Each structure stands twice: as C-alpha cells, then as structure tokens.
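Per mature numbering (1 follows the signal peptide of the UniProt record, and there is no 0), the sequence shown runs over residues -21 to -1, 1 to 974.
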Amino acid sequence: MGLKAGTFVLLLLGLILVSDARSFVDSTLSEKVSNKEDVCTLCEEYVTDALSYLEKNVTQAEIIEDLHDRCSQLRGFSQQCITLVDYYVPLFFLQLESFQPHYFCKRMNLCGKVVALVEEVRQDSCGVCHRTVSEILIKLQDPDTQLDIVELLLKGCKSLKNYEKKCKTLVFEYGPLILVNAEEFLVKNDVCTLLRACGGGHSWDGIVVTQANYQALQAIKHELIDFTGVLRSWNNSASSEVCSGWAGIKCLRGQVVAIQLPWKGLGGTISEKIGQLGSLRKLSLHNNVIAGSVPRSLGYLKSLRGVYLFNNRLSGSIPASLGNCPLLQNLDLSSNQLIGVIPASLAEATRLYRLNLSFNSLSGPLPVSVARSYTLTFLDLQHNNLSGSIPDFLVNGSHPLKTLNLDHNLFSGAVPLSLCKHGLLEEVSLSHNQLSGSIPRECGALPHLQSLDFSYNSINGTIPDSFSNLSSLVSLNLESNHLKGPIPDAIDRLHNLTELNLKRNKINGPIPETIGNISGIKQLDLSENNFTGPIPLSLVHLANLSSFNVSYNTLSGPVPPILSKKFNSSSFVGNIQLCGYSSSKPCPSPKPHHPLTLSPTSSQEPRKHHRKLSLKDIILIAIGALLAILLLLCCILLCCLIKKRAALKQKDGKDKISEKTVSAAAAGTASGGGEMGGKLVHFDGPFVFTADDLLCATAEIMGKSTYGTAYKATLEDGNEVAVKRLREKTTKGVKEFEGEVTALGKIRHQNLLALRAYYLGPKGEKLLVFDYMSKGSLSAFLHARGPETLIPWETRMKIAKGISRGLAHLHSNENMIHENLTASNILLDEQTNAHIADYGLSRLMTAAAATNVIATAGTLGYRAPEFSKIKNASTKTDVYSLGIIILELLTGKSPGEPTNGMDLPQWVASIVKEEWTNEVFDLELMRETQSVGDELLNTLKLALHCVDPSPAARPEANQVVNQLEEIRPETEAEMETTLIGSGGEGGKDLGSNED
C-alpha cells in the first residue's frame, strides 16, 4: 500500500502546486479509465491494501506508535505531525473498518467522479508533469516549507468533498514518510513515466513488458532445468507475449508482478537476475527440485510481498538482504537444505507476519530481534539445529504471535515466562528440545490457546492448576518429561480437549474421576507414570475415546469391562494389581461367606477324640524318617559329582562347552554373561559362543553411525562376527528393547542380514551380533575400489535384484519399513550377494534418536522429497531410496556428491532430457552396451520411475523385483551362486557395517 499511497500523495501535491495541474493525466490513461469498471477495480485494489492492516490484526496502538516514529524524523514538524496522527488515525479506523472495498468505492462515488474528471482534463500532460516535478523539487530543498506542503495537501483534500476525510487520512499516514524521502525518489525515478503522464511508454494493460524485465525472465529460464516442459511457452519471441502467453507469469501495467510455478518439476537454480524484476510482488516456486542458493538479489525488490520456495533442495545460507524488503509479508523457505544462522535483519522487514524456516539445518540462536518482531503472527522453525535459550518474546506491550513451532531443535533453559503472556497465542510446540525448569503457571492464562506441546524435554515440577483455565485447548502433550504430582481435579473444565498425552513422566496419585466429564476426548495416554488406585468408572462414558493407554503404572482393581473389550491388553500391562483386561489376568472370584456357628460343646470335642499313638504308627513314622535321611545323602553325593565334573570340563578349555549350554543357545534361549556378567541371548546361527568369548574377542572398528559403532570381532576359535554396539542413551528401556529385538531375531531372508544374538551388559551396554560380510558395504564396493577393479553389469544387476527382493520381503512379509535405506547399509558377501542391514533398528531407538537417523539419511541424498512434509516414512519412501541405489549402480556416482549443482536424479533427468542418455552410464558399462544396451536403458527407466516426485507414481518393491527379472532373467549359474552365498537364508559370511 505504501507505494500506491505515496504516488497518490505526490500526484495530489502536483495538483495543488500548479494552476493548470488538472492537465496532469495521460491521454492513454484517460482512454483506459474512461471505462467505469476499470476505475472501480483500481479503487478496490487500493482499499484492499489499506485494509490489510486490519486483516493482520495490527492494533491501533501499534500503528500510532509506528507513525510517531516516522514523525520524529521530520525536523521542524515532528510535534505537529504527532498531534495530527493522534487525532486522525482513530477516525480512519472508525470509518474504514466497516467497509468492504467494493461497497466503499461505490459509496464514495469514486468511480463516476474519476471518469468525469478524466473527461474534463483531457489535455497534453507530459509538460505539465515535468514542470510540476521541478517545482516540487525546489520546494523540497527548503525544509521549512514542509509544513506548508502538508497544509496545501490538506487544502487539496477539501476539493474532494465526500472523500475529504479519507484523503486527509492518507496525507497524515503517508505524508511525513513521503516528504522525508520524496527528493531522493523524484531525482532517481522518472515519475512522469511511472504515472504515464508522458506518451511513448508501453500500454497500461501489461501486454508489453520493459526490456529489463524481458531479459531478466530469459536469464531465469536459462538457469532453470525444465524436466516437464512447462517453460516451453517461455520462447524467444517478442516481449509482447510475456504477460499473455508465458506460463506462471503475471503482469500489471507493463511490469512482471508474479512468478508462480509450483509443482512443475523444475530443477536447476534461481538466477540472481531475478533482482531486476523491480515490481515483483510474489515468487512461488515451491514443491520443485530447485537447488543452489536463495538469490541475494531478492533483497533489492522493494515491492516483494511473498516468497514461497519451500520443498526444494536449496542450500547455503539465508540472505540477510531479505530484511531490506519493506513490504515482505510471507517468507517460506521450509523443507530445504539451508545452513547457517537466521539473519537478525529479517526483523527489519516490518510487515513480515509469516516466517517458516522449518526442516532445514539452520544453527545458532534464535535472534532476539526476530522473536520480538511486532508483526509476526506465524513463526515455524521446527526440525533445525537451533540452540541456546528461547529469547523473551514480549517487548513493550502486546504481541500478535499466534503460532510458534520450535520443536526438534537444541534449545535449552526454561520456558520463557513472557511467552505465556501472549494473549493471542493459538498453537505452541517446543517438543524434542533440551528445556528444563518448570512450566510457568502463567501459561494457563492464554484464552485462545488450542494446542500445547512440551513433550520430550526435561521439564520438572507439576502440571499447573491454572491449566484448567485453558478453555480453548484441544491438544495437550507433555510426554517424556520429569513432571510429578497429581493431575489437577479441575481438568474437566477443558471442555474442548480431544488429546491428552502425559506418557513417561512421574505423575502420581489417582486418575481423576473428572476426566470422564471431558466428553470430546479421543486420545488419552497416561502410561509409564506412578498412578495408583483403580481406573475410574467414569471413563466408560467417553464415547469418542479411540486411543487409551494406562500401562506401566501402579493401578489396582478390575478394569471396567467396557474398556477391556474396546482396547487390547497392551493398554493395561505393567500394572501388577490390575486385573480383568485379558484371559491371562482374570480377577479372582469372591469367596462365599459362611458364618461360623459354634455349639456350646464344640470346644470340648477335641478332648473327646484325642488318643495315643499305636505301635504301628510309630514304626511307619520311623521308616519315613529313615527314607528322608537316605534321600538327603543321595542329593549331597550327586551335587559333589556334578561339581567335580564341571571342574574337569573347565580345565579342558572353552572349546568343550556342555551340551546343555549349546542346546539352550541354539533354541534361542538366554544364557548367563559369564565372568563379565550380563545376559547373552542366541538365535539360530552357524556357531555358538559365550558372553566371555564375545567380550574378549579381538575387535576392529568398521564404522560409526547414528545407531552406534560397528566392529569386526574375531573370536578365539577364529570365527568372525559383526558386532554393533548401540548408543546407550538412544535406545529404549530394557523391556521394550528385548521385545523388539526378539522379533528382529526371527526375521530370515537370503537378502536380509541375519541377527544372530544380542547381549545386555550389567552397565546398560547393548550389543547386536550379525553375520560378517567379507566384501563390506555397497558404497565402499562402488566408490572406494581401485581403477583395476571392474564391476560388470551382471554383478550390478545381481545386487539390484537382491536389494529389491530383501526390501519386498520387509514390506510384504514383515510389514516393516526400512526408513534409512542407503548404499552404506547394503552389505556384500563373498559371492557379492546383497544383504540389507539396519532394518528395524529404529524400533530399538527412542523417538528422538529415530528421527535423527532419518534426517541423516536425507543429507546423503537418499530421502524422498515428500518426507520432509509428511514426516512419516512409507513403502514409497523406501522405493525412492531403492531407485537412488539403482541409479548409483548405473552411473557409478554417489548421491551425496552434487553434479553441477544438481543431485543424482536431477542430473540423470537433465542428461536424458538432452537425449544424451549414454552419458549417464558408468564408463565401465559402456563397454558392454552392445550386449546389454537394452537392459541398461530399461533399468534406467525403472530407476527414474522409482524416484518419481509423486509417491503415488512409484511402484511397490515387489513390482520392482518382477520388472528387474523381466529385464534380465536369472540364469541357473546365478541362482546357484546366490544360494551358495546366502547359505539358505541369511548367509554364513558376516559383514562390515559402515552406516
């Protein structure tokens, strides 16, 4: 609105300062606005921009304060300016707030008046315009005349009759700012051409753009890669077709004002030439695969209002120059690969109300200036590496912030007290950080708060009683903290609550009966706390309850039958005194009560029946005692013999393990941890070892990953195994861990790395034992070999088939998603058979650790583009990773190394587009093109199908297996090699794991 209002003030200034100023209208413009509908549209546009203040909930006090600051820049007019602001701004809000733009323009009769004015003043305007500008410049050189100019402007407003008050409002709001900068503006800009007061320019309808705009668009097209052909309309014809025929381009009065090309499959980079589109208001290129950096030249665009570049592959830092855009309202750079710090200069964009930088790799603190912005209503910085304490959000009065999302960062310290004083807050998420301290009771005084998430922190103290005042609250998540004390009884005052998650805290006391009064609640998780007493009967009245969990507490008594039928036993386990929730935990039947009645002579009956022992009784008792003594002697003798035999076996050496130990290990049972202590559990495998054998083995580090460290362990008997030592702080508790790892130990497939055993140490150590793979990882096999080592197509196809089969088995038979499929966790045995490793390990991890694994996979180029938005892995995200690995096999290139600023799929697609398909393949494969050329091309098509940007367009893993077998049917020799290498299921060779 600023440029339009400023132009209006300058135009009004010209009309006042010269006697023949009514000629100040372009003849071309006269023809255009002679149509009453065009004038009304222009009027509505101006009023809509004026109303944007109201739509953004900018308070009257904030606008007045901002105008006071502008007034202070005027030398001799500051006090008069402040007086005028205080008087007229409230009137502006009073009158304008009740109008819709359409009705406002009609009511003020602006449409007809402007048309009539244009008809009256149809004269040569160019000379008049230049004379007017010259006189204005002369006036402005004398600061003392600024007050006179404002008075002249106010006099000019009187001639507008019904519009006088609105005119004065514009003068008071924008006059001071325009006067301060008018001289520089008039010198640097051809105002007469801008206002179309002089002929010779392009027409106002925007069909023809300036040469600078045309050249900038050509430069932008040159640096973009058009995979889908959407930019074919951006041809090299005359600039007259830019606005009418170029896809995604919008113009206004001969200037490009918008570039909108989302979801078009565009790659490449964004040209710095975009900074030459001086009138650009909106840049929307989201949901593409554009790489490179965010152009710094965007900071030159003074009209820029919206930047939407989310869901791309942009890298580098956020340009500080974006803070130079005075009209910028919406900046969304989420779901990219940006690094560095958040520029504090963004706070200088004084109209920015929506800032989304989530799902990047930004680091450093949250700038105080950004947190204290007067205009931000939406701030989303989740899933970054931001650290330090959360700054104080409150400065000098109210704050318009409604949505704040800082989850999945490294913030520490306490929850800011000031944050809980923002009366407009609706959503707050600070989960998955390192926050400590207690929850401020002031957080219970947020009348509009709908969602509050403090989960996965180290917050202590109690749940504030004031939370019962959050009448608008829909979702409350305090999972995985250190909260204690009871749940407030007045929690039933949260009438709109649908989700309550207090899992994994130290909350005690009974479960309040009042929870049964929250009729709309759908999810209730109170598990892993210290709740006592029975499950309240009032909970059976919660008809909308679809998820319920009170496991691992100290609850007692019977589970209400309605709840036990509606939810399975996992919702109630871990409560020793709780019964009635499964057939294995029935409640004891009450014993019948028979009152005891004694006759008067009953106490004398024992005397009547008392008799002496006979000789026969004495003999039987003596024989029984003798037999008992003999049995005791036999037991003592047997124990001595067993102890002696055990000592002899121990002396012979560790290679002579007792048959009892071997059979127990082979059956998947637990054995002792030997001298070291702990617990070793074997599944099936080619050989058996003890905990002492494992802990005393010679170890060689093979690699480190988010899960832990992988070792090659050589036992005393010469056998080799791969051992993965899991990071202790990232794994689940012992009970959950053993349940999950037991399920993993039962999975068997010739292309899945078999888990053979696990060990739980006395100090919390957790070791997983796998088969050792002699050829290491696929990543090392492809990229770390010498030039003399060649990998033929037959071997590469065999590996691709093996990975596909293993993945299909996980998806179809085990109902499991890998989530982190990369070339580093594909291991190769001696026959180069592929074995997928690290499947299911995320189930052993805490939620925070599992999330970190996925983020790491994304940096290596294997993560599907949609994952950053949906936040959940699926079979289709696994297939995308499979497609990347197949491209890796075809090209010999690592997806973690960009080529010409593009990732692997982008680079392949760009080569295919130019019809240079053979340039894609590894040079080694080009020697075989005569015999396998069709197989290479068909496999390339399949791989590109797997990495399609749309998940729905990708095949399932079993379909990939079928297509690969159609492309190259397996020979008997290859099948035999596969069976030999696999050993029937998991393979006897064990592998390096360099995740």
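Don't be surprised by glycine CBs; every beta carbon is placed ideally from N, CA and C.
What you are looking at is a predicted structure, and each value in this text was computed from that prediction instead of being measured.
Around Ser300, the same chain offers Arg275 and Gly278 as residues with beta carbons nearer than 6 Å, after the five sequence neighbours per side are excluded.
Counting along the chain, Leu345 sits inside no beta strand (DSSP E), nor does DSSP assign it H or E at all. The shortest C-alpha to C-alpha distance from Gly302 to any of Asn388, Ala328 and Ala676 is the one to Ala328. In the three-state DSSP reduction, Ile597 falls in the helix class (H, G or I). With contacts defined as CB atoms closer than 8 Å, Val702 and Tyr690 qualify as a contacting pair. At a Cβ-Cβ threshold of 8 Å, Thr382 and Glu406 count as neighbours. By the neighbour-count definition (other C-beta atoms within 10 Å, threshold 16), Asn460 is a buried residue. Val320: not part of any alpha helix (DSSP H); DSSP gives it neither H nor E.
If you draw a straight line from the Cα of Glu202 to the Cα of Asp311, it is about 22 Å long.
The stretch 553 to 562 and the stretch 535 to 542 touch, with no fewer than 3 CB-CB distances between them shorter than 8 Å.
When rounded, the separation of the alpha-carbon atoms in Glu903 and Ala191 is 48 Å. With distances taken between CA atoms, Asn412 lies nearest to Tyr435 out of Gly423, Tyr435, Gly402 and Leu398. Assigned with DSSP and collapsed to three states, Ser447 falls in helix.
For Lys261, the pairing in a beta bridge is given by DSSP as Ala237 and Gly285. For Thr856 and Asn309, the gap between their C-alpha atoms comes out near 30 Å. Between the stretch 499 to 511 and the stretch 476 to 487 there are three or more C-beta pairs closer than 8 Å, enough to call the two in contact.
Phe372 sits in coil when the DSSP states are folded into three classes, being neither helix nor strand. Asp913 and Ala779 have their alpha carbons spaced roughly 16 Å apart. Around the beta carbon of Pro540, fewer than 16 other beta carbons lie within 10 angstroms, which makes this residue exposed. Remark: three or more beta-carbon pairs, one from each stretch, lie closer than 8 Å, so the stretch 726 to 738 and the stretch 815 to 827 are flagged as touching.
Classified as exposed, Asn941 has fewer than 16 neighbouring CB atoms from the shown chains inside 10 Å of its CB. In the displayed model, His924 falls within a helix according to three-state DSSP. Under the three-state reduction of DSSP, Leu732 is assigned to coil, being neither helix nor strand. Exclusion of the five residues before and after Ser294 leaves Ala270, Gly271, Ser272, Asn315, Gln316, Leu317 and Ile318 as the residues of its chain whose Cβ lies within less than 8 Å of its Cβ. Between Leu240 and Ala195, the beta carbon gap of about 15 Å keeps them out of contact (Cβ cut-off 8 Å).
Of the other Cβ atoms in all chains shown, fewer than 16 fall within 10 Å of the Cβ of Pro766; this residue is therefore exposed. According to the DSSP assignment, Asp901 belongs to no alpha helix (DSSP H), since it is labelled neither H nor E.
For the pair Ala843 and Pro930, the CB atoms are nearer than the 8 Å cut-off. Taking C-alpha positions only, Val713 is separated from Leu609 by approximately 46 Å. Sequence-distant Cβ neighbours of Tyr841 in its own chain, meaning closer than 7 Å and more than five residues away, are Leu800, Thr801, Ser860, Ile863 and Pro874.
If you look at Met681, you'll find it isn't in any alpha helix (DSSP H); it sits in the beta strand (DSSP E) that goes Thr677 to Lys683. Assigned with DSSP and collapsed to three states, Arg947 falls in coil, not helix or strand. Of all alpha-carbon atoms in Ile680, Pro344 and Leu355, the one lying nearest the alpha-carbon of Asn335 is that of Leu355. In this structure, the beta-carbon distance from Ser853 to Ile796 falls below 8 Å. Contact between Leu462 and Ile497 is absent: CB atoms are separated by about 19 Å, not below the 8 Å threshold. DSSP places Asn192 in the uninterrupted alpha helix (DSSP H) bounded by Gln190 to Glu202.
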